[in-house]
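Colleague: There's a structure below that I have some questions on.
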Amino acid sequence: MAEVVILKPVADILISLAKTEVGLAWGVKNEVRMLSSALTTIGAVVADAELKQLNNKAIQQWLIKLKHAAYDAQDVFDDLAIDEPELLQPDPTAENCCNSVWISCLSLFMQLKRLVPHYKIANKIKPVRERFDRIVNEMSNFGLIERVVDHVEGASMIPHQSISEDRVTSSASAEPHMYGRDADKENIIKMLLQNVDNEHGLSVCPILGIGGLGKTTLAQFVCKDDRVKNHFHVQIWVCVSDHFNVKRLLKEIVEIVTKSRFDHDNLDVIRGGVVEQLRGKRFLLVLDDVWSDKQDVWNMLKDPLTTGAKGSSIIVTTRLKTVASITKTISEPYQLDGLSEDDCWSLFTFYAFEAGKESDNPNLVTIGKEIIKNVDGYLFFAKALGSMLRFKVEERQWREVRDNEIWDLEEEEGSDQCPKILPALRLSYNNLSARARQCFAYCCFFPKDYKMRKEELVYIWLANGLLEFKNKEPEDVGEDVFGELLLHSFFQDMKKNEEGKIETVKIHDLMHDLASAIMKSEYLHIEVKVGMSINSSIQDDEIRPRHVSIIVLPSSSELSSVDVSSIHRFLLSHQCHATCAHFFYF
């Protein structure tokens, strides 16, 4: 899927420029006006194109062409600004724009006649304008229409006032109880408590199920139960995700138990640290979101854990039967099925209505129960849908969700065999404000299970020109967007500081898949392994990446030189440090 995340800034700058009373030479002014006209024409139908691309590959490819044309246009304007550095003083009459580069570009154009030969500028702009003209001509083949974005296709459900963090965190906190999983919880607790008499020692219970069913939530509620807390001396929770690195996992176990850093990189030393900390203790270890099904790697992790006291247990959450098969010590993995329709409805109402208010509008309840039939037992989707509809009070808006054609779409590639999940999450995504959609898409740059710092996110959004702040402080606008995403369940696993302010959040794996799908035509994720050539991965004619995220795996080779001729943003992170990432801008 393609999202035109940079078209609006380009169009806004040019439209603003065309309306100013500046003494531009006729050739330059004419090119700017024609380009502005083309962008205005395209912008009028982009919302329709973004919806229709879901089942129209030609429109999807057209949007990709449009996105790359917008990036190339930005490059042209940046080059013009760099070629004439003396023109980079912002014009005091210019409106406050969200990107300092664009401030410079606007100032540059407003002084062109006086300082730069106009024909050079016109010749630079003309190919850009002609490219957009071709895109406009191709657009006529799709029957796209102008949409008034005031309902399900793209309107924000957030009231226009700022969203306070207190309000967000109270509504986005954990549910008061676990919906539809009481029996599952009791079954798992029973297995854990009975393990004291297990002659095999360390017991491993895999919770198996496809994405979005609530495996992690179930494990969390098991750990919170007083019987479990009293039974185990130590509880350890480790997010594993895509990279099952024994050294990292064992090191994290030591750090969680000791509540301090363990600055050793030698595997034998780390194994010794685990043995020392767990010897004689009955512990419960949760390995969340495991993907590796290599038996030898699993044995390397498990070996130092066997020194715990009798009755120690491991819970493994996974989507893969092969993982459950190699890790289990019980007869069969614990298979998690979908929630019942009634349980999905209960979870949905918790997020969609104020407490006890659902009976105030029986018509919304009727429509909502029809909507929930599409959830197919997915806890995560019921939560996302309820969060999306919380601020929709008109029956028309709920009917638009119920009758949306997105429910009829085929399963998307890469949706982990979860019917309707990615297309359906697009429904929640489309209901965000335009700025929140842009900001959310950029979250795919971080690895899965990455603890994203709130402050870091806001700075990244600002640096990429995704936020407009004409009448507000930049950080306040970023806070509003962060709050909107949090309120609509796009963020989870909040961590707060001593003052009760949110410091870090994560996004669910399925949300990460959605963001990656949105940015797939311009974003490239690379895992650097021993002997790997980075350039060979970046030079992909089909992807033409504008943003590159490189995960440096342990024991990898030195980073080779990288061709960044088309790269706008570059993120480098080390797999051993889940909170370590660095952005570079070109």
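First residue of the sequence shown: 8, per our numbering; consecutive thereafter. All C-beta atoms in this analysis are idealised placements derived from N, C-alpha and C, irrespective of residue type, glycine included. Please read all numbers here as calculations on a predicted model, not as lab measurements.
#1: Which runs of the alpha helix (DSSP H) at least 4 residues long sit entirely within the segment 285-355? Give them in chain order.
#2: Starting from V465, trace the alpha helix (DSSP H) both ways and give me its first and last residue.
#3: Would you mind listing the beta strand (DSSP E) stretches within the segment 192-254 that are 3+ residues and don't spill past its ends, in chain order?
#4: Could you tell me whether the segment 267-279 touches the segment 293-303, where touching means 3 or more Cβ pairs closer than 8 angstroms?
#5: With a CB to CB cut of under 8 angstroms and the five nearest residues on each side skipped, what residues in its chain are close to S177?
#6: Assuming the contact rule is C-beta atoms closer than 8 angstroms, L354 and G393 should be a hit. Round their C-beta distance to whole Å, please.
#7: Note down the Cα distance separating T313 from V465, rounded to an integer number of angstroms.
#8: Reducing DSSP to helix, strand and coil, say where M526 ends up.
#9: From L58 to H184, what does the alpha carbon distance come to, in whole angstroms?
#10: Taking 8 angstroms as the cut-off, does the segment 289-298 touch the segment 219-239 (at least 3 CB pairs, one atom from each stretch)?
#11: To the nearest angstrom, report how far apart K74 and I525 are at their CA atoms.
#12: May I have the straight-line CA-CA distance separating R138 from A77, to the nearest angstrom?
#13: Can you give me the start and stop residues for the beta strand (DSSP E) that K376 sits inside?
#14: What did DSSP end up calling E361 once you bin it into helix, strand or coil?
#15: What distance in whole Å lies between the Cβ atoms of A431 and I413, which are believed to be in contact at a cut-off of 8 angstroms?
#16: Can you find at least 3 beta carbon pairs, one from the segment 361-370 and one from the segment 205-225, that sit closer than 8 angstroms?
#17: Please name the residue, chosen from E153, W305, C450 and G315, that lies closest to S332 on a Cα-to-Cα basis.
#18: Could you tell me if R141 is buried or exposed, where buried requires 16 or more neighbouring beta carbons within 10 angstroms of its beta carbon?
#19: Going by C-alpha distance, which of E463, N130 and L61 is nearest V39?
#20: Which two residues bound the contiguous alpha helix (DSSP H) that contains M7?
#21: Helix, strand or coil for I514? Go by DSSP, reduced to three states.
#22: When you compare the segment 318-328 with the segment 215-222, are there three or more beta-carbon pairs, one atom per stretch, that lie closer than 8 angstroms?
#23: Report the three-state DSSP secondary structure of L58 (helix, strand or coil).
#24: Let me check one thing: in DSSP terms, what residues is I509 bridge-paired to?
#25: Decide if the segment 479-486 is in contact with the segment 504-518; the criterion is three or more beta carbon pairs, one per stretch, under 8 angstroms apart.
#26: Thinking C-alpha only, which one of K133, L343 and Q68 is nearest F84?
Modeller: On the basis of the coordinates in this document:
#1: 302-309 and 328-334
#2: K461 to A470
#3: 210-215 and 241-248
#4: no
#5: Residue confidence is low: S177 scores 30 on pLDDT, short of 50, so the model does not pin down where it sits. Its coordinate-derived value is still stated next. Excluding residues within five positions, none has a Cβ falling inside 8 angstroms.
#6: 7 angstroms
#7: 44 angstroms
#8: coil
#9: 36 angstroms
#10: yes
#11: 12 angstroms
#12: 10 angstroms
#13: Per DSSP, K376 belongs to no beta strand (DSSP E); it is in the alpha helix (DSSP H), P369 to I378.
#14: coil
#15: 7 angstroms
#16: no
#17: W305
#18: exposed
#19: N130
#20: What is shown of the chain runs 8 to 593, which leaves residue 7 out entirely.
#21: coil
#22: yes
#23: helix
#24: K503
#25: no
#26: K133
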